[in-house]
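These protein sequence lines are chains A and B, in that order.
Okay, so the first sequence: first residue is 818 according to my numbering, each after it adds one.
Okay, so the second sequence: first residue is 818 according to my numbering, each after it adds one.
For reference, the structure discussed in these notes is given below.
Number of protein chains: 2
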Amino acid sequence: MRSKQAATMSDVAREAGVALGTVSKVINGQPVGEAYRLRVEAAVKKLDYQVNPSAKALKSNRSGFIALIIPDTTTPFFALLTQYVNLALEKRGYKMMLCFTGRDADREQEFIRMVRRNQADGIIALTYTPDLEIPAGIPFVTIDRFFSVDVPCIASDNFGGGRLAAQKLAELGCTRLACLRIGSSLVNEPSKRKDGFVSGCMELGLPFEVCNLPDGSPMSAFEVFLKRNILESDQPLDGLFCGNDLLAWQVTGLLRRLGLRVPEDVQVIGFDGIRMFGDQDYICSTIVQPVADIAETAVNMVLSNDFTGLPPLICLPVRYQPGGTTRDSAPHTEG
Amino acid sequence: MRSKQAATMSDVAREAGVALGTVSKVINGQPVGEAYRLRVEAAVKKLDYQVNPSAKALKSNRSGFIALIIPDTTTPFFALLTQYVNLALEKRGYKMMLCFTGRDADREQEFIRMVRRNQADGIIALTYTPDLEIPAGIPFVTIDRFFSVDVPCIASDNFGGGRLAAQKLAELGCTRLACLRIGSSLVNEPSKRKDGFVSGCMELGLPFEVCNLPDGSPMSAFEVFLKRNILESDQPLDGLFCGNDLLAWQVTGLLRRLGLRVPEDVQVIGFDGIRMFGDQDYICSTIVQPVADIAETAVNMVLSNDFTGLPPLICLPVRYQPGGTTRDSAPHTEG
DNA sequence: CAGAAAGCGTGAAACGATTCACGATCAACC
DNA sequence: GGTTGATCGTGAATCGTTTCACGCTTTCTG
């Protein structure tokens, strides 16, 4: 029950004494004589005219919405990505439609179907379904998941990041390394973190272990690994690279509970660049993903409906960030 | 460039040999003769017909979107809320349009203006602007922020939660309590957590302190307070209630760094019910907000366009949850 | 069995924008 | 000064629904 009925284009046209088409041109910035433009602008202001997005969408066949398909919003990295994608879309005048899937393949497919009904002009997806049916004819880009050369994928330099982690640990004096992974960092692009780490270790001539656990495994599984390879070993590990920051954070807690000092006895590097309050301290030493760049790039790609000539996988540079779990960190000031 | 042009209602009507209006009735579940219904349904299936949401929105003046206005998506409580609101909306056949404001009043007002352009059928807002201009004529409900009796507000029982925290700390053997707050828990509804806590302490006849810090204050400010009132006091505090879980978590880290044992020397209770990975361990002992209920209620309210007769403030029950920072917790197994 | 009431299919009108063929205006040029 | 072409305003047609007045059937009632 709006107090005043919203003004339409014809109201503006009548008020300004011009034709409908002229109003449309002014609104859309097409060339119009100065005098006309001023009259229309005055009428727009006077009537507080706002374009009706439904009418515009109906006629132009563009909704102005981009769907972001994401496993959940509570994982810090996803939350950060959501925020930056939203920001990047806003800058370009688009709105975001959030679809969180809870890692449910059926929900993912259902969202994509929905989007095909014209609800969105494009899709940015970070999904866990490897055999997802990608809709033809709608801009579709993925983040961190490579499907095929037809589907552009934006990712940070996972391989380079893993390699960098190995190098940093070596630089910091570690001589026996391990890579710990769980769940999502096992699949697809993020899996290259391990590959890069392994490659780095081999280049450095350092011995290393790899320990993989399926999603949802209890920490006790890692506990077994760490006890055997640190407490009970005469050649204990002294440098750990974890598949993501949350894991690194958990592993650090675990190590400390086992009586080991971090970073004095064991140094730990994670991956992602998660901070505690979104903008405060890093929760561990980490390989920081360029989240803002990833979001910007994904948005630019999905809005430029021409993917030809682009590399199917766009890799963005990562950087190393000390964060309290390596010896190069300033004495820590936070929890 | 969809391979086949999407089918419209008239295509379906032609295919089924019925009138346009009949198709509309079938689609919208209005009473239609059995034979007609079957023919239309067959045609819908054959042509893979999907309603065009823009056309529907244009004619019916409802977009099917509800806007969620939220300060950010990275604060765990907000992330959780976002997820549950999304879920509740989905259940009701609505889509969510996410507007994160970064706590910027101008952005908040701009979003509301946008929504008035018919982009959304209602607004659920969690805002920091006390003098927000609430749009008339569009369903608007708030979470945790009371504006006026005309604007329904959903909140958890902040007062009761604060009181419960005091009672629990007393039960667990604490005799000298304090309430620590920062930033967002100082304002509006969440501020009642302190009131409830104070009330609880007075009922129990226990001495208490209150320490408030403005948003963005460094932890060192709390450090001063804690040093003076625990380390340097001959009547040291032994029970802390923090305005939210993140603060409780930081304070716990701070206490441990000061050489105090939690929960042996000092017990800490937070507020919110944040878990580390969204579904794993609570990060501290806490008063859990019923996030799912809050979301459901907010969605139900915003979709029922009749607020008359409802209490302006809807209060949902909280519960206490041990989480490692009080003596009633099972020996902790996580970081 | 006539007449009223109820049930239901029909299709034109409307929602509010975009688009485009058309025509008017005007400057330029030979 | 007449012709050409460019520029630009006009308004009808259109996008794909919803809605509703209309009228045909069928059923009920006395």
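Where is the CB? At the ideal position from N, CA and C, for every residue including glycine.
Min CB distance residue i to chain B below 9 angstroms
{"i": "N1029/A", "result": "no"}
{"i": "V1135/A", "result": "no"}
{"i": "A872/A", "result": "yes"}
{"i": "M1093/A", "result": "yes"}
{"i": "V829/A", "result": "no"}
{"i": "L1057/A", "result": "no"}
{"i": "L837/A", "result": "no"}
{"i": "L875/A", "result": "yes"}
{"i": "E1151/A", "result": "Reliability fails at E1151/A, whose pLDDT of 42 lies under 50, so the model's placement of it is uncertain and the value that follows must be treated cautiously. Output row for E1151/A: interface = yes."}
Interface residues of chain B facing residue i [CB-CB closer than 9 angstroms]
{"i": "A995/A", "result": "Going along chain B, no residue has its Cβ under 9 angstroms from A995/A, so there is no contact; the nearest lies around 18 angstroms."}
{"i": "E903/A", "result": "Glu is not the amino acid found at residue 903/A; the sequence shown has Asn there. Within chain B, the residues near N903/A are T890, L915, C916 and F917."}
Any C-beta of chain A under 9 angstroms from that of residue i
{"i": "L1063/B", "result": "yes"}
{"i": "S820/B", "result": "Note that S820/B scores 43 on pLDDT, short of 50, meaning its location in the model is unreliable; the coordinates nonetheless yield the value given after this. Judged by the 9 angstroms Cβ criterion, S820/B is in contact with chain A."}
{"i": "Q1067/B", "result": "yes"}
{"i": "L981/B", "result": "no"}
{"i": "F1124/B", "result": "no"}
Proximal residues of chain A, C-beta to C-beta of residue i below 8 angstroms
{"i": "L1127/B", "result": "By Cβ distance, chain A contributes nothing, its closest Cβ being about 18 angstroms from L1127/B, past 8 angstroms."}
Any non-hydrogen atom of the ligand SAM closer than 8 angstroms to residue i Cβ
{"i": "T839/A", "result": "In the structure on display, the ligand SAM does not appear, and there are no ligands present to speak of."}
(message) For the region 1047-1065 of chain A against the region 1099-1106 of chain A, do three or more pairs of beta-carbon atoms, one drawn from each stretch, fall closer than 8 angstroms, so that the two count as touching?
(response) yes
(message) At 4 residues or longer, what runs of the alpha helix (DSSP H) sit wholly inside the region 974-1013 of chain A?
(response) 975-988
(message) Please list, in chain order, the residues of the region 880-900 of chain A that have any C-beta partner in chain B closer than 7 angstroms.
(response) S880, D889, T890, T891, T892, P893, A896, L897, T899 and Q900
(request) Could you pull out every unbroken alpha helix (DSSP H) segment of at least 4 residues lying fully inside the region 1090-1145 of chain A, listed in chain order? (result) 1108-1120
(message) Using a Cβ distance threshold of 8 angstroms, determine whether the region 1008-1022 of chain A contacts the region 1044-1052 of chain A, with at least three qualifying pairs required.
(response) no
(request) Note down, in chain order, all residues in the region 913-925 of chain B with a beta-carbon under 7 angstroms from any beta-carbon belonging to chain A. (result) M913, M914, L915 and F917
(request) Would you check if there are 3 or more beta carbon pairs closer than 8 angstroms linking the region 965-981 of chain A to the region 1001-1017 of chain A? (result) yes
(message) Can you pull out the residues from the region 1074-1086 of chain A whose beta carbon lies closer than 7 angstroms to at least one beta carbon of chain B?
(response) none
(request) Select from the region 925-957 of chain B all residues with a C-beta closer than 7 angstroms to any C-beta belonging to chain A, and list them in chain order. (result) R934, N935, Q936, A953 and G954
(request) With 9 angstroms as the limit, tell me which residues of the region 853-868 of chain B have their beta carbon closer than that to any beta carbon of chain A; keep them in chain order. (result) Q867 and V868
(request) Evaluate contact between the region 1134-1143 of chain B and the region 1082-1090 of chain B, counting only Cβ atoms and requiring at least three cross-stretch pairs below 8 angstroms. (result) yes
(request) Return the residues of the region 1023-1053 of chain B that lie within a Cβ-Cβ distance of less than 7 angstroms from chain A, sorted by chain order. (result) M1036
(request) Please go through the region 841-928 of chain B and give each complete alpha helix (DSSP H) segment of 4 or more residues, from N-terminal end onward. (result) 851-864, 870-877 and 893-908
(message) Check whether the region 855-867 of chain B and the region 893-907 of chain B touch, using three or more Cβ-Cβ pairs below 8 angstroms as the test.
(response) no
(request) Assess, as a yes-or-no matter, whether the region 988-1000 of chain B is touched by the region 1026-1046 of chain B under the definition of 3 or more beta carbon pairs within less than 8 angstroms. (result) yes
(request) For the region 1017-1095 of chain B, list the beta strand (DSSP E) runs that are entirely contained and at least 3 residues long, ordered along the chain. (result) 1025-1030, 1056-1059 and 1084-1089
(request) Could you say if the region 870-885 of chain B and the region 919-936 of chain A meet the contact criterion of at least three C-beta pairs nearer than 8 angstroms? (result) yes
(request) Mind the definition here: the region 951-967 of chain A touches the region 917-935 of chain A only if three or more C-beta pairs lie below 8 angstroms; say whether that holds. (result) yes
(request) Would you be able to state if there are at least three C-beta pairs under 8 angstroms between the region 879-891 of chain A and the region 909-926 of chain A? (result) yes
(request) Would you check if the region 1101-1121 of chain A and the region 973-983 of chain A touch, i.e. whether three or more CB-CB distances between them fall below 8 angstroms? (result) yes
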